[in-house]
Structures are given as C-alpha cells and as structure tokens.
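**Q**
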Ligand code: HEM
C-alpha cells in the first residue's frame, strides 16, 4: 500500500479530489472503472485530481495535455503498467501489452519490422480483400449488425496479416472469450482479487475455460507453422525464429505475443470501425462526400494502401470518430518510486496514475461543442492549434500502440471499400448516440443495426 502523504514540512497537500464520504453518498466509491466518475472529477476538480481508492492506494487523474504527456513520456521511467494490465497478465502472459522492461523493449524491437510502413501495402490488399468478402455476404438491401461484422473482420485481418492464418472457423471462441474477459474486469479490480482468483468462484471457472480454448487455438497455429517446415517472414515467423542470450523463444513466449496481438489488434479496432460505420450511417451528407472522394481517387477499382494519402477526408472522419468514441478510454500506470512531477505534484511510490481519452477528447477547451461530430477538426491547420496530448487514442511514449499505422490503414481502407458500393443508413435516424459500455475497451452496449443498400452515386 502507498504511504499516505508522509509528513514533510516542504510537501504540498494532495491535489483536490472527491472525498470518501462524498463518494459513498453519490455511489461512486467503487466506480473507479467508470467514465462518468472521471468526467465528474474533471468537471469538479480541474486538471489534476487525487483521491484514495477503496483498497487504499493514492490515485491521480490527469486531465490536461501537458501532465498527460509527462505521465506517458517524461516520467515513464518511474512507472509500471497500471492495475488492469497487470491483472491481464493472467490472460496474456508476458506479451507486449503486459510485459515490463527490459523484456518489453526486446520484444518490441523484435515485433517492430512486422509493423513497418513497407509492410502496409501487403496488409492493405488483405484488408480490402477480406472487407469485400464481408460485403459480398451482406443482403443486397437490408440490415447488418455492424459490431458482429467488425469483430469478425478485424479478427480475420489481424490473424491473416500477422499470424498467416485465417481464424474464420474459430471466431465464436474469440467472441466468447472476450465476453468472459470483459466480465472478469470488475472482479479483477476488487480488493484482494489476486488472492480470490485462486478459487473456483465468480468468473474464474469461465476464465479457465476461455483461456484453455484460446491456448488450444494459438498453440495449434504455432504447431502447424512448425510442421510446415517454413517459418515465413510474418510476425509469427519472426517470433518463432527469434533467439536471445537464453536461446530460442519457447512456444509459451510465442503464444503470449501472438495472443496479445490477436486480442489487442482486433478488440479496439473492431469497436473503432463499428462507431465509424454508425457515424457514417448517421451523417449521410458526410457519407456522400466520402463516397465522392473515393470515386475520384479509385474510380471503380478496389482501393489500395497507396491511395491512403489521397483519402485524407476518410482519415479525418476516422479520427473524429475515435475522438467521440475512443476505443481505448483510459491509460493507467503505477509509480515505482516517489518522485515530483515538473508541475509540482508529489507522486508516492505505489500511486495509481490515469488519464482518460474519454474525458480529454470531450474537453471544451480543445474541442468546442464536444458532442458535435465534425471531421474538420482534423485538418492540418486545426490540428496545429491543439496541444499534442489533447488527442491520444493510441497512447504515447515508449508504450504507444505498436499497431497504430495498421489501425489507420484498416479504418481508411475498410471505410473506402464499404462506401465505394454501399449506402448506409440507420433504422432509427433519430438515435443520437451509440450507447457504450466501458470495459477493457469502450464497446457498444447493444447490437448496432445498420441498413445497407447498393450505392447509385
Ligand atoms: C483503433 C485501434 C486501436 C486503438 C485505439 C489502440 C489503442 C492502444 C493504446 C491506447 C495503447 C497504449 C496502452 C498504454 O499505454 O497503456 C495500445 C497499445 C498496444 N496496442 Fe493498440 N490500439 C489499436 C489497434 C491495435 C492493433 C491493430 C494492434 C496490433 C495489430 C495493437 C496492438 C497493441 C499492442 C501490442 C500494444 C502494446 C504496446 C507496448 O506496450 O509496447 N493495437 N493500443
């Protein structure tokens, strides 16, 4: 447990924050995974908020871009991953998302070539091909459930491009496992959860089954690759070939990295693409403009990665959709030592630090009329007027998202491929927002129905 503001004549008091009685009264004492709680904190207490968590840790919430940049970049050497990702080690093992230095840096360097710009052209072809396969199965005129479609699509894209394997037949296993992991989150954040997890209670039996199903799948992919006798030059091949001072990576390490990429690579992207399609169906004038841009750039041929620079309005549309609905809604760290931020706050060892995209992406200071959807916020000129960390859907610093370039390519090429031949509308055009549920990521709470029909231009 973190020492509570040890007495010091020079130390300033903790920054303001909600008191325990206040949190008992408004029911937010255990709501530390709730965006509404973080939004309220920012509204009441300003740029830096500090309070005690139910299990006795000091937590800081940063709401201004300058402190967020310091948290993710400047002060990163004083941090480990946040509580949720540390608990996720039970699922992901020591993959890129959960590992700590020095292992993290070694693994990140190992995986980096698979995410290099030069690879994106090849990935672009797969993204367009698999999106076309998806839309070919849509009704000529009728409804689709966008979230289920996007989960299937992103799983297939990630597994084809990075692991050289199509998980088409096993998609239900992933969908069920993700639902189990998301249900486990509130349990994982309970005081004493690390101890409770040893017993077959609450979500634990389901967790065991979900992990076994995923392990069977991933170890199967690894075994198949070994049996083929050719490791190949995709991410899986690179991981299997990698050696370090202790010898070749064993199958368990390869499994941790491969599972991390599959889960981290599809969950956030599927949610991002779902919100993006819903917004296109909601804002039909914007959608028509995008369709015209696609026609000008691609004519009737399929879009390709080389078109990316000419599809700027689609990139802006995707950016604005991740502002309104940031799929990763919070980044969190744990302090490994006492230190003082350059803005003056004393951070004790063990403190929890968080910054929420959902709070900052809706801050009126950087985003006037924040609930209004407006892709023009992302012209180069408009971007230049804002501090860098007023928008951080992919995090920042040494642990920023390794799949960022991949995700932008997926967003723009999926949207281009869909809108080239389809017009999207909402069954209920009066619907104002997509209800969201914050779990590991921000997901739509319910199904997201969208109507599709052929585009006549
Ligand atoms: C719209 C889609 C995506 C969003 C919003 C997103 C968001 C993020 C964020 C915010 C982080 C940093 C977490 C932190 O600092 O605590 C992160 C890390 C990561 N993401 Fe993504 N991501 C997306 C897509 C992808 C894709 C497509 C892949 C892989 C194919 C991927 C793989 C990873 C990995 C491996 C990390 C850990 C990096 C490290 O710690 O070195 N993500 N992502």
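Numbering (this note's numbering), first residue to last: 1 to 457. Backbone N, C-alpha and C define an ideal beta-carbon position, used for all residues, glycine too. The model shown is predicted, which means the values in this text are computed figures rather than measured ones.
#1: Which whole runs of the beta strand (DSSP E) in the region 140-212 are 3 residues long or more, in chain order?
#2: Determine, using beta carbons only, whether residue 443 and residue 271 come nearer to each other than 8 Å.
#3: Under a three-way DSSP split, which group does residue 355 fall into?
#4: DSSP puts residue 101 in a beta bridge; with which residues?
#5: Using 10 angstroms around the beta-carbon of residue 20, count the other beta-carbons present and answer buried if the total reaches 16, otherwise exposed.
#6: Rounded to a whole number of angstroms, what is the C-alpha to C-alpha distance between residue 260 and residue 238?
#7: Does the contact criterion of 3 or more C-beta pairs under 8 Å hold for the region 378-387 versus the region 413-423?
#8: Determine contact between the region 326-345 and the region 422-435, defined as no fewer than three beta-carbon pairs at a distance below 8 Å.
#9: Can you give me the C-alpha to C-alpha distance between residue 250 and residue 234, rounded to a whole angstrom?
#10: Sort out for me which residues DSSP pairs residue 79 with in a bridge.
#11: Given that a residue counts as buried once 16 or more other Cβ atoms are within 10 Å of its Cβ, and exposed if not, what is residue 199?
#12: Rounded to whole angstroms, what is the Cα-Cα separation between residue 262 and residue 391?
#13: Tell me which same chain residues have a C-beta within less than 6 Å of the C-beta of residue 1, skipping the five on either side of it?
#14: Quick check: residue 218 and residue 255, are their CB atoms within less than 8 Å of each other?
#15: Are the beta-carbon atoms of residue 436 and residue 425 separated by less than 8 Å?
#16: Would you mind listing the alpha helix (DSSP H) stretches within the region 388-444 that are 4+ residues and don't spill past its ends, in chain order?
#17: Between 418, 93 and 50, which lies nearest to residue 298 when the distance is taken from Cα to Cα?
#18: Counting along the chain, where does the beta strand (DSSP E) carrying residue 48 start and finish?
#19: What does the Cβ neighbour count give for residue 377, buried or exposed, with the cut at 16 atoms within 10 Å?
#20: What are the boundary residues of the beta strand (DSSP E) that residue 342 is part of?
#21: If I follow the unbroken beta strand (DSSP E) through residue 452, where does it start and stop?
#22: Compare the C-alpha of residue 106 against each of 85, 243 and 221 and name the closest.
#23: CB residue 277 to CB residue 456, shorter than 8 Å?
#24: Residue 23 lies in the alpha helix (DSSP H); which residues open and close that run?
#25: Which word fits residue 149, buried or exposed, when buried means at least 16 other C-beta atoms lie within 10 angstroms of its C-beta?
**A** In terms of the structure at hand:
#1: Counting whole runs of 3 or more residues, the region 140-212 contains the beta strand (DSSP E) stretches 142-145.
#2: Within the chain shown, the letter at position 443 stands for residue 443. Within the chain shown, the letter at position 271 stands for residue 271. Yes, the pair counts as a contact, with Cβ atoms nearer than the cut-off.
#3: One-based indexing of the chain shown puts residue 355 at position 355. Under the three-state reduction of DSSP, residue 355 is assigned to strand.
#4: Counting from one through the chain shown, the residue named residue 101 turns up at place 101. Beta-bridge partners assigned by DSSP to residue 101: none are found.
#5: Counting from 1 along the chain shown, the entry for residue 20 is found at position 20. Around the beta carbon of residue 20, fewer than 16 other beta carbons sit within 10 angstroms, so the residue counts as exposed.
#6: Here the question's residue 260 lines up with position 260 in the chain shown. Here the question's residue 238 lines up with position 238 in the chain shown. Distance between the alpha carbons of residue 260 and residue 238 is about 15 Å.
#7: A contact between stretches requires three or more CB pairs, one per stretch, nearer than 8 Å, and the region 378-387 fails this requirement with the region 413-423.
#8: Counting Cβ pairs under 8 Å, fewer than three are found: no touch.
#9: Counting from one through the chain shown, the residue named residue 250 turns up at place 250. Counting from one through the chain shown, the residue named residue 234 turns up at place 234. Cα to Cα, the separation comes out at about 18 Å.
#10: One-based indexing of the chain shown puts residue 79 at position 79. As DSSP reads the structure, residue 79 sits in a beta bridge with 335.
#11: As a first step, residue 199 must be located in the chain shown, where it is residue number 199. Counting every other CB atom within 10 Å of its CB across the protein chains shown gives residue 199 a total below 16, marking it as exposed.
#12: Working through the chain shown from its first residue, we reach residue 262 at position 262. Working through the chain shown from its first residue, we reach residue 391 at position 391. So the two alpha carbons sit approximately 25 Å from each other.
#13: Along the chain shown, one-based indexing puts residue 1 at 1. For residue 1, the predicted model reports a pLDDT of 45, less than 50, meaning its position is unreliable; a value from the coordinates is still stated below. Within the same chain, residue 1 has close Cβ partners 56.
#14: Translated into positions along the chain shown, residue 218 becomes position 218. Translated into positions along the chain shown, residue 255 becomes position 255. The answer is yes: Cβ separation under 8 Å.
#15: For this step, residue 436 is matched to residue 436 along the chain shown. For this step, residue 425 is matched to residue 425 along the chain shown. The answer is no: Cβ separation not under 8 Å.
#16: Those alpha helix (DSSP H) runs which fall completely within the region 388-444 and span 4+ residues are 404-421.
#17: As a working note, residue 298 is residue 298 in the chain shown. Residue nearest to residue 298 within the set 418, 93 and 50 is 418 (criterion: CA-CA distance).
#18: Sequence index remark: in the chain shown, residue 48 carries index 48 (1-based). Boundaries of the beta strand (DSSP E) around residue 48: 48-52.
#19: The residue given as residue 377 occupies position 377 in the chain shown. By the neighbour-count rule (16 or more Cβ atoms within 10 Å), residue 377 is buried.
#20: Your numbering for residue 342 matches position 342 in the chain shown. No beta strand (DSSP E) holds residue 342; DSSP gives it neither H nor E.
#21: Taking the first residue of the chain shown as 1, we reach residue 452 at position 452. Residues 449-454.
#22: In the chain shown, the residue the question calls residue 106 occupies position 106. The shortest C-alpha separation from residue 106 is found at 243.
#23: Reading the chain shown from its first residue, position 277 is the one you call residue 277. Reading the chain shown from its first residue, position 456 is the one you call residue 456. Between residue 277 and residue 456, the C-beta gap is not smaller than 8 Å, which leaves the two residues out of contact.
#24: Taking the chain shown and counting its residues from 1, the one referred to as residue 23 is at position 23. From DSSP, the alpha helix (DSSP H) with residue 23 extends over 20-25.
#25: The residue given as residue 149 occupies position 149 in the chain shown. Residue 149 sits buried, since 16 or more C-beta atoms from the chains shown fall within 10 Å of its C-beta.
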